[in-house]
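Trainee:
Protein chains in written order, with the numbering used here: chain X, 2 to 357; chain L, 2 to 357.
See the structure below:
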């Protein structure tokens, strides 16, 4: 795609380091425990070895990127909450009072809060300005954004990922904020999956059944008006996506291009990951799914991305909270592979331990 | 029961602080997020408020207790691994090279490693001696232990829990080690659940299908020989249990008596929790299930205990690893309840944020 070429991004991911993945598997097999008994944690550490080319892999500098934006489609009554909550929550992120703020502090992660197009700009020195406009246009009346707006947020995401790479970040967890953004994520996902919108539409932050049905109808109308091209993720993002979703797509593509593992959060981040995966082949091998969200469409996206989530805590908050909680498990996996003794080193008969 | 009376333990748990639980629910409702959107983490923090009588609750000093012992029933060929691995792994715990060692360090948790009756004593200054013998007797020939041996390990567990309470521990995660101990845990669970042994028997550290069937047959034989009284958990523990399982039962009873929350690990710890829950009514409200083990009988025990596990990572290592990994999530829950801003404090319209 042209945007990819202009940014110097290949449409293939860099090859994983298969040899280091093999070394990680071999190292697990020699740690003092029954084979495979650390379950998904073993897979996560092998994946990080394959991505980073190091065995054991390390996580020294995690970052959390939270992108926020508003959505013109809220005029159709698709959210239970007033749109100004996006701005209010962005300021709450910056002031340190939101769930993702607490979790990022606990993880000692750098947090980057990005305004990709909130209606009223949240004014705070710690919020990065990458505004493409004062919210998207109402997608039931035409495209959500212009080509220029789309390029602006894709570029911004790619540049932020590049900056994080230069600063030594070794894993990025993604989050988002935007009243109305489950509607955009459902629309994008419906097009890319070829499924009817209702299958990918849920209550978001608190719609009742009638509200969910209405939301799906609004999405169907937007798809009829825009006719996005399912074979062109950028066309889909531009017509029925959101600024923060496109920004995160840019983050993912540039992070993976630079061999950084990316932890995705819930439904909205997964819709960005789905877009990115259609633009760069092999991309999902660089992704980890932090959790399974309670938002019903998330299962469909996880299946399409072929990702197994680390957590299933019935969370549905967004902001990157599921990804940030799961960061600890990924760090545990890496610390276990690095820190556990081998059978010979510990004088344990192979294979020992476990629920035996 | 007489042992309970002698130890000054009531057969009812102390009443939870319902008022503090209500305050915790109210506090969650005022944090800047859609209601209920932190899922199971919200429940965990409410539970800790109810147990500790503080809102928000705190976790300042977590402890991990790992009890190890050997099992005479291994003479029947019920484990894929040589029995000396119990001793070897106990030394590995003490030397800091096992998975639970790495995780306890990462959690900054006190770790107490207890020899409840390993065949050859693991000689290390950091291993607590609470030996009831050189492994249990073979339960297919008679009772696994004497009344005196049972009392010794129950007492030891209760005393360790009491000591941890005095040292300011505010949550205890449990773990175990013992080649052959899934056989004992399956036998105990079969009696207390009234189910056929095969339903509660799994591969442990690595049996194949034929091995699992043989193990279930061994258990059936042990039950026929011993005829444990399903209404008397101490009779069940004595006849077909294990020293470490009884020790952990003592830890749980005394911890809960002292209002400490207890995080249980996999199948074996859950069998101890089931025993304890039959001796002290209301006990399960003081328990958290760290994870769902891949050992197939664990689901049955979690159902009987009415506990929802925090993690489902396909782990089946034991040692307390599932409980230790989940400790972070419990600490996250507590930190979020304490550290998140309220709607009014952050200037956010109620209710805001979320996948909206």
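For every residue, glycine included, the Cβ atom is placed at its ideal position computed from N, Cα and C. Predicted, not measured: the structure shown is a model, and the values here were computed from it.
Could you tell me whether any Cβ in chain L is nearer than 8 angstroms to the Cβ of residue 1 of chain X?
Mentor: What the structure shows of chain X is the stretch from 2 to 357, and residue 1 of chain X is not part of that stretch, so it cannot be assessed.
Trainee: Can you list, in chain order, the residues of its chain whose CB lies under 7 angstroms from that of residue 283 of chain X, leaving out five sequence neighbours each side?
Mentor: The residues are 13, 14.
Trainee: For residue 197 of chain X, which residues in chain L fall below 8 angstroms Cβ to Cβ?
Mentor: Near residue 197 of chain X there are no residues of chain L at all, since even the closest Cβ is about 20 angstroms away, more than 8 angstroms.
Trainee: Under the assumption that residue 243 of chain L contacts residue 292 of chain L (Cβ atoms under 8 angstroms), give the Cβ distance between them as a whole number of angstroms.
Mentor: That belief does not hold up - the Cβ atoms of residue 243 of chain L and residue 292 of chain L are roughly 21 angstroms apart, past 8 angstroms.
Trainee: Checking the sheet assignment: what are the DSSP bridge partners for residue 178 of chain X?
Mentor: BP columns for residue 178 of chain X point to X:69.
Trainee: Return the residues of the segment 289-318 of chain L that lie within a Cβ-Cβ distance of less than 8 angstroms from chain X, sorted by chain order.
Mentor: Of all residues in the segment 289-318 of chain L, 294, 295, 296, 311, 312, 313, 314, 315, 316, 317, 318 have a Cβ within less than 8 angstroms of some Cβ in chain X.
Trainee: Check residue 60 of chain X in the structure and name its three-state DSSP category.
Mentor: Here residue 60 of chain X sits in coil by DSSP.
Trainee: Starting from the Cα of residue 84 of chain L, find the closest Cα among L:117, L:179, L:194, L:348 and give me that residue.
Mentor: Closest by alpha carbon: L:179.
Trainee: How would you write the range of the alpha helix (DSSP H) that residue 3 of chain X sits in, first residue to last?
Mentor: 3-7 is the extent of the alpha helix (DSSP H) around residue 3 of chain X.
Trainee: Counting only beta-carbon separations shorter than 8 angstroms, does residue 262 of chain L have a partner in chain X?
Mentor: No, residue 262 of chain L does not count as interfacial toward chain X.
Trainee: Does the segment 74-93 of chain X touch the segment 335-348 of chain L, meaning 3 or more C-beta pairs lie closer than 8 angstroms?
Mentor: Contact holds: three or more Cβ-Cβ distances are below 8 angstroms.
Trainee: Using a C-beta to C-beta distance shorter than 8 angstroms, which residues of chain L count as neighbours of residue 350 of chain X?
Mentor: Within 8 angstroms Cβ-Cβ: 82, 83, 85, 86, 89.
Trainee: Can you round the beta-carbon distance between residue 315 of chain X and residue 41 of chain L to whole angstroms, since I take them to be within the 8 angstroms contact cut?
Mentor: Their Cβ separation, rounded to whole angstroms, is 6 angstroms, which keeps residue 315 of chain X and residue 41 of chain L in contact under 8 angstroms.
Trainee: Which first and last residues belong to the beta strand (DSSP E) in which residue 307 of chain X is found?
Mentor: It is not in any beta strand (DSSP E) - residue 307 of chain X carries neither H nor E in the DSSP assignment.
Trainee: Three or more beta-carbon pairs under 8 angstroms between the segment 155-162 of chain L and the segment 236-255 of chain L, yes or no?
Mentor: Contact between the segment 155-162 of chain L and the segment 236-255 of chain L is present, because at least three Cβ pairs lie under 8 angstroms.
Trainee: Which full runs of the beta strand (DSSP E) of 3+ residues lie inside the segment 250-321 of chain X, going along the chain?
Mentor: List check, beta strand (DSSP E) in window: 263-265, 288-290.
Trainee: Using the beta-carbon of each residue, which ones in chain X are nearer than 9 angstroms to residue 53 of chain L?
Mentor: What residue 53 of chain L touches in chain X: nothing, since even the nearest Cβ is about 20 angstroms away.
Trainee: Does the beta carbon of residue 12 of chain L come closer than 8 angstroms to any beta carbon on chain X?
Mentor: For residue 12 of chain L, the answer is no, since every Cβ of chain X falls outside 8 angstroms of its Cβ.
Trainee: Can you name the residues of chain X whose CB is closer than 7 angstroms to the CB of residue 38 of chain L?
Mentor: Per Cβ cutoff of 7 angstroms: 316, 317, 318.
Trainee: At a CB-CB cut-off below 7 angstroms, which residues of chain L make contact with residue 336 of chain X?
Mentor: Within 7 angstroms Cβ-Cβ: 103, 107.
Trainee: In this structure, how does DSSP classify residue 237 of chain X when only helix, strand and coil are distinguished?
Mentor: Residue state, collapsed to three classes: helix.
Trainee: Is it true that the segment 106-114 of chain L meets the segment 63-73 of chain L, where meeting means three or more beta-carbon pairs spaced less than 8 angstroms apart?
Mentor: Judged by Cβ distances under 8 angstroms, the segment 106-114 of chain L makes contact with the segment 63-73 of chain L, as three or more pairs qualify.
Trainee: Which residues does DSSP pair with residue 115 of chain X in a beta bridge?
Mentor: Paired residue(s): X:68, X:129.
Trainee: Determine which residues share a DSSP beta bridge with residue 121 of chain L and list them.
Mentor: According to DSSP, which records beta bridges pairwise, residue 121 of chain L is partnered with nothing at all.
Trainee: In terms of residues, what are the limits of the alpha helix (DSSP H) holding residue 214 of chain X?
Mentor: Where residue 214 of chain X is concerned, the enclosing alpha helix (DSSP H) stretches over 210-227.
Trainee: Ends of the alpha helix (DSSP H) at residue 90 of chain L?
Mentor: Its alpha helix (DSSP H) spans residues 85-96.
Trainee: Verify the CB distance criterion: does residue 326 of chain X have a CB-CB separation below 8 angstroms to chain L?
Mentor: Closer than 8 angstroms: yes.
Trainee: Mind checking which residues open and close the alpha helix (DSSP H) that includes residue 151 of chain X?
Mentor: Residues 148-167.
Trainee: Short of 8 angstroms in beta carbon distance, which residues of its chain neighbour residue 120 of chain X, apart from the five on each side in sequence? Order them along the chain.
Mentor: These residues qualify, in order along the chain: 71, 84, 85, 87, 88, 135, 136.
Trainee: Name the chain X residues whose beta carbon is nearer than 7 angstroms to that of residue 60 of chain L?
Mentor: Chain X residues near residue 60 of chain L: none, gap ~12 angstroms exceeds 7 angstroms.
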